[in-house]
Amino acid sequence: MSITQTLNQAITIALANLGISGVVFTLEHPTELIHGDFACNAALVAAKQVGKNPRTLADDIKIELEKLEIPEIDSVVIAGPGFINITLSKKFFVNLNHQIGETGNTFGKTTIHAGKKVLVEHSSPNLFKPFHIGHMMNNAIGESLVRLMQFSGAEVATMSFPSDISLGVAKAIFIFLEKKPEITIESLGDAYVEGTKRYEEDESVHARVKEIADNLYGNVDSPELSVFTTCKHFNINYFESIVGKLGSHFDSYIYESEAGIVGKDLILKNTPGIFTESQGAIVYIPDESKKGLNTAVFINSQGNPTYEAKDIGLLDLKFERVHPDLSLFVTDHEQIPHFKIVLDAAEKINKNWVDKSVHVPHGRMTFKGQKMSSRLGGVPLAVEMIEDVAIEAKARAKDPEQVKLAESIAIAAIKFAILRAKPGQNINFDPETSLSFEGDSGPYLQYTHARISSVIEKAGEQQLMPQYSEGESIVDVERMVAQFETVVANAISEYAPQYVVTYLLELARSFNSFYASNKIIDSEHVEQSQHRLAIAQNVQQVIKNGLHLLAITAPNRM
RNA sequence: GCUUCCAUAGUUAAAUGGAUAUAACUACGGACUUCUAAGCCGUUAUUCUAGGUUCGAUUCCUAGUGGAAGCACCA
49 MSITQTLNQA ITIALANLGI SGVVFTLEHP TELIHGDFAC NAALVAAKQV GKNPRTLADD
109 IKIELEKLEI PEIDSVVIAG PGFINITLSK KFFVNLNHQI GETGNTFGKT TIHAGKKVLV
169 EHSSPNLFKP FHIGHMMNNA IGESLVRLMQ FSGAEVATMS FPSDISLGVA KAIFIFLEKK
229 PEITIESLGD AYVEGTKRYE EDESVHARVK EIADNLYGNV DSPELSVFTT CKHFNINYFE
289 SIVGKLGSHF DSYIYESEAG IVGKDLILKN TPGIFTESQG AIVYIPDESK KGLNTAVFIN
349 SQGNPTYEAK DIGLLDLKFE RVHPDLSLFV TDHEQIPHFK IVLDAAEKIN KNWVDKSVHV
409 PHGRMTFKGQ KMSSRLGGVP LAVEMIEDVA IEAKARAKDP EQVKLAESIA IAAIKFAILR
469 AKPGQNINFD PETSLSFEGD SGPYLQYTHA RISSVIEKAG EQQLMPQYSE GESIVDVERM
529 VAQFETVVAN AISEYAPQYV VTYLLELARS FNSFYASNKI IDSEHVEQSQ HRLAIAQNVQ
589 QVIKNGLHLL AITAPNRM
């Protein structure tokens, strides 16, 4: 039983002994450690029901709690308007130290989604546009959710949904067939931009582009299909090499082309019925009662499925292939209205899909105050940005060994800037100010980890082994370590990686402060030294596990 | 016009309805004959406006101001 469960139960019993039941109270870590390890608001919430002053009631609850003699509780203090502040006992910390040693890299793992299957779809690329820093934002959040879900006890499947087909792609293929350039990531991007431009300027190419689109949508054997397939494979390799660097792996892909076929079929089966023909297209008209939902085109007048229909197909394929109990998908928040409509329509086809799906929207990166758009040039590519930041990291390296780490430090700095914010929030991304190696930053967390590794290694030379001592008093860093499990649990249930980020910063700061004023390796005070080493080791493990949840590497040296 | 989201120090961000709103960057100052100075300690500064609900509001509700997004065949 976790400490939270133990305390919850104890408070419920204490309340029951006072004849109080049905009170919904919270048990949380106070902002300041001075207030104890846990704070409970039961007295504040129940005061009215009982007709007592909150502080008086809190005092009564305290007495009942003390009667229970819970070994994990050291003391109970009533503070402020009537908070019940609980400080944990030495026994608890001894057990915790034990637990961290035993669980290691899985310390912090919960059972929130135990026995369930969770699907996470993220990082979906457009195969004719290079992977830019907007994609990197999606990836950072998506990958962190994957890791969090793995820590939820669920079996996790990952998926990406590449856009391989659209009228825009047909335009790009048109350019490719005409110019036959060597396939590179640049030529793909250029063809996309040029195709769009050409289509706008020259109406005479419309018929040919439509023909290409039809052949691609219909999977018809043709020169365009062959070029298209080659480009697609090329780009998937490029995509995998980048996301691999960022720590992601995808168990499977569903392409828009597949989803389009399935989606179109489903729409047609439900027309008329759920969908309606209108002006040559097939549309979905939401019920009058659905305020704010607009009519959307699912199959256009050319007979091709739109993004809406593709998403219906995607839902069908996801549930048919993976059978998830929970299906998360991560996209830009500008797609919120789109998914509202799609899910509203989807609910009428298969309610199960909608009940089990959760859309996790993220903000956009604004860059030097301007919103980035991939249709315009000048959007920084992910690889370029990593290289740029890595130059700075290299400049700080003290030896050739460290130069090799530059890239992973750069990635840490970038990911940190993304993950520290609430996912829905737009991020003002100015490398000058947002990307830091000092203070609240990814490298700061990495540095703290590396520093601890170094200390523990040095201790080994002096034959000092980390060992928890009952005689040593408990310090703030240890109390911080005890909060990790709660933080992970909250991050999982709210899809909120920023909780982990904020917590790791506090933990690292707390440790660095401890480190600055306490000598860890000290052969004259062996017991104390061993105890401090045990603390260092626990902090190191928690930082490592926390960074893992953010998909940031934890180097042993830097 | 309709719908939705957002507004926190000079800047970038944090805060399940809780206690003195948390940090970092910047600026200035400081400590260290100790294990990694990408570190530590200190100083200054913040909830858009007006109401409401509540024991308690950055958080919930109403109105306003300012910004962003979506609103028929792009994704």
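In this text, residue positions in the first sequence follow my numbering: the first is 49, and each later residue adds one.
Just so it is clear, CB atoms sit at the ideal spot from N, CA and C, and this is done for glycine as well.
Model, not experiment: these values are computed from the prediction.
Exercise for the section: Could you say which of Y247, Q511, F464, M207 lies nearest to S489 if we only look at CA atoms? Expected result: Here residue 489 refers to the residue found at position 441 of the first sequence. Looking at the Cα atoms, F464 is the closest of the given residues.
Exercise for the section: Check whether the region 285 to 293 touches the region 350 to 359, taking contact to mean three or more Cβ pairs, one atom from each stretch, closer than 8 Å. Expected result: no
Exercise for the section: Provide the residue span of the beta strand (DSSP E) that contains D447, from first to last. Expected result: Indexing the first sequence from 1 puts residue 447 at position 399. Segment: none, D447 is in no beta strand (DSSP E) and carries neither H nor E.
Handout entry: Contact check, S192 vs P545, beta carbons under 8 Å
Key = Residue 192 sits at position 144 when you count from the first residue of the first sequence. Residue 545 sits at position 497 when you count from the first residue of the first sequence. Taking 8 Å as the Cβ cut-off, S192 and P545 qualify as a contacting pair.
Exercise for the section: Assign D524 to one of two classes, buried (16 or more other C-beta atoms within 10 Å of its C-beta) or exposed (fewer than that). Expected result: Here residue 524 corresponds to residue number 476 of the first sequence, with the count starting at 1. Flag for D524 reads exposed.
Handout entry: Euclidean distance between Cα positions of H611 and Q515
Key = Missing from the structure shown is residue 611; the chain here goes from 49 to 606 and no further.
Practice task
Reducing DSSP to helix, strand and coil, say where E325 ends up.
Solution key: Position 277 of the first sequence, counting from 1, holds the residue named residue 325. In the three-state reduction of the DSSP assignment, E325 falls in the strand class.
Handout entry: Proximity winner among Q585, K442, E533, Y547, relative to L512 (alpha-carbon distances)
Key = Against the first sequence, residue 512 aligns to sequence position 464. L512 has its Cα closest to that of Q585, out of Q585, K442, E533, Y547.
Handout entry: Beta-carbon contacts of V119 that lie in its chain and below 7 Å, excluding the five residues immediately before and after
Key = Reading the first sequence from its first residue, position 71 is the one you call residue 119. It is worth fixing the name first, because residue 119 is Pro in this sequence and not Val. Cβ within range, chain order: S137, K139.
Handout entry: Pick from L493, F346, D108 that is closest to A329, judged by C-alpha positions
Key = Taking the first residue of the first sequence as position 1, residue 329 is located at position 281. Of the listed residues, the one whose Cα sits closest to A329 is F346.
Exercise for the section: From the DSSP output, in three-state form, read off V549 for me. Expected result: Here residue 549 refers to the residue found at position 501 of the first sequence. V549: helix per DSSP, three-state reduction.
Practice task
Buried or exposed for M606, please, with buried defined as at least 16 other CB atoms from any protein chain shown within 10 angstroms of its CB.
Solution key: Locating residue 606 in the first sequence gives position 558, counting from the first residue. Looking at its Cβ environment, which holds 16 or more other Cβ atoms inside 10 Å, M606 is buried.
Exercise for the section: Evaluate the contact criterion for the region 228 to 241 versus the region 374 to 392: three or more CB pairs, one atom per stretch, below 8 Å. Expected result: no
Problem - Own chain residues within Cβ distance below 6 Å of S456, not counting five before or after - result: For the purposes of this step, residue 456 is taken as the residue at position 408 of the first sequence. Answer for S456: T601, listed in chain order.
Practice task
Could you check if M413 is buried or exposed, using at least 16 other CB atoms within 10 Å of its CB as the buried criterion?
Solution key: Working through the first sequence from its first residue, we reach residue 413 at position 365. So M413 counts as buried.
Handout entry: Cβ neighbour criterion (16 or more within 10 Å) applied to N101
Key = Start at 1 with the first residue of the first sequence, and residue 101 comes out as number 53. Flag for N101 reads exposed.
Exercise for the section: Compare the beta carbon distance of Y265 and N352 with 8 Å and say whether it is the shorter of the two. Expected result: Taking the first residue of the first sequence as position 1, residue 265 is located at position 217. Taking the first residue of the first sequence as position 1, residue 352 is located at position 304. Yes. Within cutoff.
Exercise for the section: Classify F485 as helix, strand or coil using the three-state DSSP reduction. Expected result: Locating residue 485 in the first sequence gives position 437, where the first residue counts as 1. Coil, per DSSP.
Exercise for the section: Take the Cβ of G110 as the centre, count every other Cβ of all protein chains shown within 10 Å, and call the residue buried at 16 or more, exposed below. Expected result: Within the first sequence, the letter at position 62 stands for residue 110. Looking at the sequence provided, one finds Lys at residue 110 rather than Gly. Per the 10 Å Cβ criterion, buried.
Problem - alpha helix (DSSP H) runs contained entirely in the region 136 to 212, provided each spans 4 or more residues - result: 138 to 151, 181 to 198
Handout entry: Continuous alpha helix (DSSP H) stretch holding I384: start and end
Key = One-based indexing of the first sequence puts residue 384 at position 336. Its alpha helix (DSSP H) spans residues 384 to 397.
Problem - Beta-carbon proximity list for A394, same chain, < 7 Å, skipping 5 on both sides - result: Numbered from 1 along the first sequence, position 346 holds the residue referred to as residue 394. I360, L363, W401, V402.
Handout entry: N- and C-terminal bounds of the alpha helix (DSSP H) containing L607
Key = Here the chain comprises residues numbered 49 to 606, so residue 607 is not present and cannot be evaluated.
Problem - Contacts around K592, its chain only, beta-carbon distance under 8 Å, and the 5 residues preceding and following it disregarded - result: Sequence index remark: in the first sequence, residue 592 carries index 544 (1-based). For K592, same chain residues with a beta-carbon under 8 Å away, outside a window of 5 residues either side, are N153, H497, A602 in chain order.
Handout entry: Boundaries of the beta strand (DSSP E) in which F377 is found, first to last residue
Key = Residue mapping note: residue 377 aligns to position 329 of the first sequence, counting from 1. Where F377 is concerned, the enclosing beta strand (DSSP E) stretches over 374 to 380.
Problem - Own chain, CB closer than 6 Å to R423, minus 5 neighbours either side, in chain order - result: Position 375 of the first sequence holds residue 423. Caution is warranted here: a pLDDT of 41 is assigned to R423, below 50, making its placement in the model unreliable, and the coordinate value is therefore given only provisionally. Residues of the same chain with a CB within less than 6 Å of the CB of R423, apart from the 5 flanking positions on each side, do not exist.
Problem - Integer Cβ distance of A261 from A218, believed to fall under 8 Å - result: The residue you call residue 261 lines up with position 213 of the first sequence. The residue you call residue 218 lines up with position 170 of the first sequence. Their Cβ separation, rounded to whole angstroms, is 4 Å, which keeps A261 and A218 in contact under 8 Å.
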